[in-house]
Amino acid sequence: MATSRIMSRRDLDFLLYEWLDAEALTRRPRYAEHDRGTFDAVLDLSEQLATDFFAPLNQSTDAAEPYVGDDGRVVLPPEVARALAAYTGSGLPASVFDHELGGLQLPFVVHQAGSAFFQAAAIGVFAYPFLAEGNANLLVAHGTPDQVRRYAAPVVEGRWYGTMALSEPQAGSSLGDITTRAVRQDDGSYRLTGTKMWISGGDHELGENIVHLVLARTPGAAPGVKGISLFIVPKHLVHDDGSVGERNDVALVGLNHKMGYRATTNTLLNLGEGLTTPGGTPGAVGHLVGEEGRGLTYMFHMMNEARVSVGAGAVALGYTGYLHALDYARVRTQGRALQDKDPAAPPVVLTAHPDVRRMLLAQKSYVEGGLALILFCAHLVDESRTAPDPDDARRAERLLGLLTPIAKSWPSQWCLAANDLAIQVHGGYGYTRDYPVEQFYRDNRLNPIHEGTHGIQALDLLGRKVVEGDGAALRLLGDRLRATTRAATGAGGDAASYAAQLDRTWDDVLRVTGVLWAKGDPALALANASLYLEALGHVVVAWLWLEQLLAVGGRSGGFYDGKRAAVRYFYAFELPRTGPQLALLESLDTTTLDLDPDVL
17 MATSRIMSRR
27 DLDFLLYEWL
37 DAEALTRRPR
47 YAEHDRGTFD
57 AVLDLSEQLA
67 TDFFAPLNQS
77 TDAAEPYVGD
87 DGRVVLPPEV
97 ARALAAYTGS
107 GLPASVFDHE
117 LGGLQLPFVV
127 HQAGSAFFQA
137 AAIGVFAYPF
147 LAEGNANLLV
157 AHGTPDQVRR
167 YAAPVVEGRW
177 YGTMALSEPQ
187 AGSSLGDITT
197 RAVRQDDGSY
207 RLTGTKMWIS
217 GGDHELGENI
227 VHLVLARTPG
237 AAPGVKGISL
247 FIVPKHLVHD
257 DGSVGERNDV
267 ALVGLNHKMG
277 YRATTNTLLN
287 LGEGLTTPGG
297 TPGAVGHLVG
307 EEGRGLTYMF
317 HMMNEARVSV
327 GAGAVALGYT
337 GYLHALDYAR
347 VRTQGRALQD
357 KDPAAPPVVL
367 TAHPDVRRML
377 LAQKSYVEGG
387 LALILFCAHL
397 VDESRTAPDP
407 DDARRAERLL
417 GLLTPIAKSW
427 PSQWCLAAND
437 LAIQVHGGYG
447 YTRDYPVEQF
457 YRDNRLNPIH
467 EGTHGIQALD
477 LLGRKVVEGD
487 GAALRLLGDR
497 LRATTRAATG
507 AGGDAASYAA
517 QLDRTWDDVL
527 RVTGVLWAKG
537 DPALALANAS
547 LYLEALGHVV
557 VAWLWLEQLL
567 AVGGRSGGFY
577 DGKRAAVRYF
587 YAFELPRTGP
597 QLALLESLDT
607 TTLDLDPDVL
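Residue numbers (the working numbering): 17 to 616.
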C-alpha cells in the first residue's frame, strides 16, 4: 500500500498549522519543551511505522482472524505482536502522558493526528494500544497513586494492555441492567462474579497482563445506573512490587466474530468461574476505583474519549478509502466522454466522467470535513487542560461535551458513506477482495455501533448536552459559529455567500430546538432525536468547512483549490439536507410514537 493512500500528510499539516495553529500550544508550560520540529517528527514517525508495520497486516489479519488454540489461549498472527512492539518501542503510547509517568506531554491534537495514520493503516491492530491508552487515562484521572503506579504505569509503558468491560449479554447498551456483582472483602478488595460481553481486546497474549475496568454492583446498591461501581480486575494478579502473579478468575468463554475489525479480539468473559480462588474466596479479585456508586461517572472519562476516537477511526477509514478510490479513478480507463461520438476513440480515465467526480468530491467533503471535526475536538481537549484562563478551559470542556456525540456519530455515518462511494468508484472490482475498499467498508460499519449507537448519541445530544445549563453549550457553539460567519462576511465573495447560508441555517436550528422542548415532554422532544443529531452534525461540519476556507484565504494551487471545491460541494449538496430534517423536527411529528409495534 502506497504511503499516500493511508492518510494525507498535506491535509494534516494544513489543519494543524494553517488552521488550528497547533504551534501556539508550545507557549504553554505543559508543552514548552516542544516545537513544530517535535510535532513533525511525531507525524513522520507515525507515518513510517504505520506504513512499514501496520498497513501490510490490514488484509492478512482480516483473513486470518484470532482463534482460541487447544491450550485455551488466543492465537494471533505473530506479525501483530511485532507491529505493536514497534509502536511501543517508539514511545508513542506514552506521548500524551505526564513526565512523571514517562510521558512526553505532547499536545493531544498532535497525538490524534499521528494516530490517524495507524487507524487508517490497520484499525483492528491499532485497537489494542488505543484501548490501553484510554484505560490508563481513566486510572490516572480517578485512581489512587498506588493504582496508578501498579496498574496504569505498565500500560503507559506499553508492557500491559487494558479494556473497558461494560456490557453484558442481557443488557446490551442498557448499562442500568447489568448484574455483575462485587462483594467487598476484609482486606478492602472485592470479589466479582458475572459475565461481560463484547469486550474488545478482552483476551490475548500480546502483553504481560490485561487490566480490565469492570462495571459491577455491590450488595444493596441502588437500582439503575446510580448503583454501578467501577473496579480494576487484572487478568493476572499483581503483587505489591508490581510484578505479575497468578491468573485471576477471569475466564475467556469465547470470541465473537464480527464483519470488521477482525484483528481485534472481541470476547465473552466470565468473572468468578472458578479458575482460581485466591484466599479460598470465589470470584475475580477486583479493586474499587474511587467511590462506590460512581462507576459510570468514572467510566464516562474513558467512554467519551473513546467516542471521539471511534469518530477518528471512522474518518481514517473513510479517508484511506477515498485516497484508494481517487488513485483508482485516475488510472482506470472506461467509457468515453459524452461529447465524443467516435466509438473507436480510446477510453478515458474514470475521473473524466462527471458522476465519478461527484462521488470523489462527496468523499472528499466527508473525510476532510470529518478530520477537521476530530482535530478541532482534540484541540478542545488541549484547551480544557492548559488554557491560561480557567474560564476559557471550562468553556472548551463544555463545548467538547456538546460536540462529543457529533464527533462520534457524524463520521460514523458519513465517512461510512464515503467508503460506500469508494466501492462504487471501483465498480465490480470494489466488491472483491482484490481491492481493500470492501474491507474498509466492513471495518467502518462497526463504528455506528461502537461506544454507543447512533440513537444513543442522539439522545445524549438532544436530551442532555443541548439543554444542560439552560443551553449554555449550544450558545457557546453559536458564538463560535457566528464569529466565523462575521469573518467570512467581511472576506466577501463566496465566503460571504456561504456565511449567509450558514447563518440562516443556524437560526433554524435555534428555533427548532426551542420548539422541540417547548412543551417539556421528553418523549415528544426526543422522538426524532436522530434527525436532530444528523442535522446539527451537518451544520457543525459546514461551519468547519467555512473555517477551512478562511484559512485557505487567497492562496492558490491544487491543494487549496481542492479545499474550495469541497466547500462549494458541501454548501450546494450537503447543508441543504438539513432543511427538510429541521422542518420535520419542527412539526413535532409523532409517527414513531404512535406506531403500534405489532404492525411491524
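Even glycine gets a Cβ: it sits at the ideal position worked out from N, Cα and C. Because the structure is a prediction, the values reported are computed rather than measured.
Proximity of residue i and residue j at Cβ, strictly below 8 Å
i, j, result
"Leu339", "Val441", "no"
"Ala129", "Ile22", "no"
"Arg197", "Leu208", "yes"
"Thr211", "Leu284", "yes"
"Trp522", "Leu497", "yes"
"Phe142", "Val397", "no"
"Arg3", "Val568", "A question about residue 3 goes unanswered here, because the residues of the chain that appear run from 17 up to 616."
"Arg401", "Ala489", "no"
"Gly290", "Lys242", "no"
"Ala332", "Ala132", "yes"
"Met180", "Asn225", "no"
"Leu616", "Leu532", "no"
"Glu563", "Trp35", "yes"
"Pro109", "Gly159", "no"
"Gly223", "Tyr277", "no"
"Ile244", "Arg233", "yes"
Opening and closing residue of the beta strand (DSSP E) in which residue i lies
i, result
"Ile215", "206 to 216"
"Pro613", "Pro613 -> no beta strand (DSSP E), and no H or E assigned at all."
"Leu312", "Note, Leu312: premise wrong, no beta strand (DSSP E); alpha helix (DSSP H) at 311 to 347."
"Leu253", "252 to 254"
"Ile226", "226 to 233"
"Arg197", "197 to 200"
Burial state of residue i (16 or more Cβ within 10 Å)
i, result
"Asn264", "buried"
"Val347", "exposed"
"Leu609", "exposed"
"Ser572", "exposed"
"Ser24", "buried"
"Tyr144", "buried"
"Thr77", "buried"
"His470", "buried"
"Thr281", "buried"
"Ser381", "buried"
"Asp450", "exposed"
"His466", "buried"
"Ser428", "buried"
Rounded straight-line distance, which links the Cα of residue j to that of residue i
i, j, result
"Leu61", "Ala102", "11 Å"
"Ala353", "Leu611", "50 Å"
"Ile139", "Gly444", "25 Å"
"Glu550", "Trp426", "7 Å"
"Gly288", "Leu604", "49 Å"
"Met213", "Ala599", "40 Å"
"Tyr47", "Val172", "19 Å"
"Pro592", "Cys431", "18 Å"
"Gln355", "Gly417", "52 Å"
"Tyr206", "Pro298", "10 Å"
"Tyr314", "Leu154", "7 Å"
"Val90", "Pro82", "7 Å"
"Thr292", "Val254", "14 Å"
"Gly536", "Glu484", "14 Å"
"Gly53", "His115", "19 Å"
"Met17", "Ala434", "Confidence at Met17 is low in this model, with a pLDDT of 36, below 50, so the placement of that residue should be treated as unreliable; the coordinate-derived value is given next. Using only the alpha carbons, I get a separation of about 19 Å."
"Gly468", "Leu147", "15 Å"
"Asp257", "Arg165", "10 Å"
"Ala423", "Lys274", "23 Å"
"Pro235", "Val199", "7 Å"
"Leu73", "Glu95", "7 Å"
"Met318", "Leu462", "19 Å"
C-beta neighbour in chain D for residue i, strict 8 Å
i, result
"Leu616", "In the structure shown, chain D does not exist; there is a single protein chain."
Residue range of the alpha helix (DSSP H) that includes residue i
i, result
"Ser62", "52 to 65"
"Ser513", "509 to 533"
"Tyr177", "That residue, Tyr177, is in no alpha helix (DSSP H); its beta strand (DSSP E) goes 177 to 181."
"His466", "Premise fails: His466 is in no alpha helix (DSSP H) and is neither H nor E."
"Thr618", "Nothing about residue 618 can be reported from this structure: the residues present for the chain run from 17 to 616 only."
"Phe392", "370 to 402"
"Leu28", "25 to 29"
Okay, do the region 379 to 394 and the region 325 to 334 touch, 3+ Cβ pairs below 8 Å being the bar?
As far as the Cβ criterion goes, the region 379 to 394 touches the region 325 to 334, which means the pair count is three or higher.
Three-pair Cβ contact test at 8 Å for the region 242 to 261 versus the region 297 to 317:
Under the three-pair Cβ rule at 8 Å, the region 242 to 261 counts as touching the region 297 to 317.
Inspect the CB distances between the region 545 to 565 and the region 472 to 484 and report whether three or more fall short of 8 Å.
With three or more CB-CB distances shorter than 8 Å, the region 545 to 565 counts as touching the region 472 to 484.
Decide yes or no for the touch test of the region 163 to 171 against the region 92 to 101: beta carbon pairs closer than 8 Å, at least 3 of them.
Touching, no.
Pairs of beta-carbons, one from the region 404 to 412 and one from the region 446 to 458, closer than 8 Å: are there three or more?
Output reads no: the region 446 to 458 does not touch the region 404 to 412.
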